[in-house]
Every structure is written in C-alpha cells, then in structure tokens.
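In the numbering used here, the protein residues as written are 16 to 314. Idealized CB from N, CA, C, for every residue including glycine. Every value quoted in this text rests on a predicted model; they were computed, and no experiment measured them.
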C-alpha cells in the first residue's frame with residue numbers, strides 16, 4: 016500500500032462526483048488518459064474494481080462506494096493539516112495589538128496567547144487593558160488593531176462581531192454563603208457587598224440591575240481589581256457580583272458562585288476598524304480567539 020497516493024484518491028472522487036473521466040480530467044487539469052491511469056493504478060493497489068460504466072456515466076462499484084467515504088475523510092484531514100501548517104510555511108510574523116478589559120486579560124487571553132506563541136513564535140503580540148471607551152478610542156486612532164470589549168460598541172468606523180455572553184454571578188465566601196433562596200436584587204442588597212469601583216462598565220451594569228428593582232445599595236468596599244475583590248470575598252469580608260469568566264476551579268475551596276435572578280450578563284464582542292487590513296498575523300489572532308469562544312459556548 017506504500018504506492019497509494021492522494022492524487023489517485025482525488026482522481027477517484029472526482030470521477031465519482033462528476034460521473035465522467037473527461038470531466039474529472041478537466042477539473043484536475045490533466046489529460047483523460049492520465050486520470051484513467053491513476054484509477055487503474057489505484058484499483059491495482061487495492062485489488063478491487065472501483066469504477067464501472069453505467070450507460071454514458073462512470074459510477075462507483077460496491078467497493079468504490081465503500082472507499083468513497085474514506086477517501087473524502089482523507090482529503091478533509093489533509094486539507095485541515097495543510098491549513099494548520101500554512102502559518103508555519105508562510106513564516107507569519109509582524110505585530111498584533113489587542114485591547115481588552117482586565118477580566119478578559121486575566122481569565123481568557125492567556126490560553127489564547129500561549130497557543131499563538133507556540134505556533135507563531137515570530138508574531139509579536141502586545142496587550143493593552145482599558146474600559147470599552149478607551150479601547151474603542153485606541154482602535155479608531157489605529158493605536159490598537161483589535162479590541163475584545165463589552166457591548167455596546169458605538170461607532171460607524173467599527174466592524175463589530177458578537178463573541179461571547181458572560182453571565183454575572185454572586186461570589187460568596189464558602190464559609191458564609193447566602194441562604195438557598197433566589198438571589199434577587201432585594202436578597203443581594205441585604206448582604207455586605209464588595210463591588211467594582213464606580214466609573215467602569217461592570218459597576219454600571221450592576222448598579223442598573225439593582226436600580227431596576229428600585230434599589231441603590233452602598234457597598235462596604237469598592238475596588239478596581241477582580242483578583243483583589245475575590246481575595247476579600249475569600250477572606251469573608253463580603254459578597255461580590257463578578258463576571259462568570261472570573262470563576263476558576265481553583266476558587267472552589269474558598270468561594271461559591273451562584274446565578275442572579277433575574278439573570279445578569281454582558282455581551283463581549285470583537286471590534287476592528289472596518290478599513291483595517293487583515294494581515295496574516297491579525298487573521299491568526301482572530302482565528303485563535305474564535306476557537307476560544309467556541310470552546311466556551313460562544314459564536
């Protein structure tokens with residue numbers, strides 16, 4: 016079986032799909048005798064007849080039908096392998112500048128960047144953290160190539176692609192969890208709260224969630240770091256409403272996380288300038304991010 020070739024398999028699938036040796040030859044850019052020779056060689060290697068003529072059409076025998084599904088899978092696998100190897104062959108280099116919020120930077124980007132660095136060591140990646148308005152301004156000024164931000168992302172200059180829904184959860188000390196009742200605004204407002212500091216999008220959506228119920232609770236503490244907030248909650252100093260993205264399995268020994276009622280979530284999106292050239296490095300970054308979102312149930 017060492018002489019079995021991809022060219023032979025491709026010629027076989029083309030003849031089956033097109034029902035004609037001449038049509039297959041035209042598709043492959045070969046002569047009809049060359050296609051016929053490849054099919055004879057394939058049949059000889061496999062020891063079975065693969066193609067028979069039915070009227071004026073060429074069709075697969077029973078053995079040919081058995082081979083067809085395998086041949087198509089082989090072609091798909093080879094195509095996927097070539098696509099994955101293409102960046103290496105092309106020597107993708109250059110620079111990609113991405114902006115995002117601190118939570119995504121800590122909990123989402125590291126795995127994406129680690130994979131890119133392993134595959135594309137020549138690609139320079141810089142990351143800037145900021146709120147949505149700051150990242151959008153930098154993209155508009157071409158100081159950043161790409162943003163992963165919380166919607167809305169207004170602006171005619173932007174191409175916006177929704178990426179991932181991130182549910183907010185109530186993080187509580189494992190030793191003093193709230194009662195097993197729905198975590199409504201009224202129930203949560205009665206707890207000592209450690210919230211994001213005012214001014215950012217996260218604090219705004221949390222305040223709006225309470226305001227919709229006519230409540231305006233005053234937190235016992237406000238901080239600008241999700242990790243600092245989690246440390247304080249783990250120390251038993253209060254409860255926090257944080258993006259679900261911030262939960263890690265390693266938090267389980269000291270924290271619990273529960274959904275709010277009604278549900279509160281934010282929509283993350285990829286944002287670029289509409290006129291931004293998608294150079295190979297940027298395309299690879301987008302592809303890696305999209306794979307990450309898909310693994311988390313996003314787009």
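From residue i to residue j, what distance separates their C-alpha atoms?
i	j	result
residue 16	residue 265	Here residue 16 scores only 48 on pLDDT, less than 50, and its place in the model should not be relied on; the value that follows carries that caveat. Cα to Cα, residue 16 sits roughly 51 angstroms from residue 265.
residue 43	residue 86	16 angstroms
residue 65	residue 27	8 angstroms
residue 147	residue 251	31 angstroms
residue 272	residue 83	51 angstroms
residue 77	residue 121	56 angstroms
residue 95	residue 88	11 angstroms
residue 311	residue 178	10 angstroms
residue 67	residue 60	17 angstroms
residue 136	residue 257	34 angstroms
residue 225	residue 242	23 angstroms
residue 291	residue 212	34 angstroms
residue 238	residue 154	27 angstroms
residue 244	residue 130	29 angstroms
Between the beta-carbon of residue i and the beta-carbon of residue j, is there less than 8 angstroms?
i	j	result
residue 111	residue 21	no
residue 172	residue 288	yes
residue 198	residue 189	no
residue 207	residue 145	no
residue 164	residue 40	no
residue 209	residue 255	yes
residue 142	residue 286	no
Kindly give me the distance between the Cβ atoms of residue i and residue j, rounded to whole angstroms, as I take these residues to be in contact under 8 angstroms.
i	j	result
residue 240	residue 182	So it is not a contact: roughly 20 angstroms between Cβ atoms.
residue 307	residue 127	5 angstroms
residue 150	residue 114	4 angstroms
For a test of the three-state rule: what should DSSP assign to residue i, helix, strand or coil?
i	result
residue 37	helix
residue 188	strand
residue 235	coil
residue 113	strand
residue 200	helix
residue 71	coil
residue 49	helix
residue 169	coil
residue 16	Here residue 16 scores only 48 on pLDDT, less than 50, and its place in the model is too uncertain to base an answer on.
Inset, instruction - Could I get the ranges of all uninterrupted beta strand (DSSP E) runs contained in the segment 237-264, with 3 residues as the minimum, in chain order? - result: Fully enclosed beta strand (DSSP E) runs of no fewer than 3 residues occupy 255-258 of the segment 237-264, in order along the chain.
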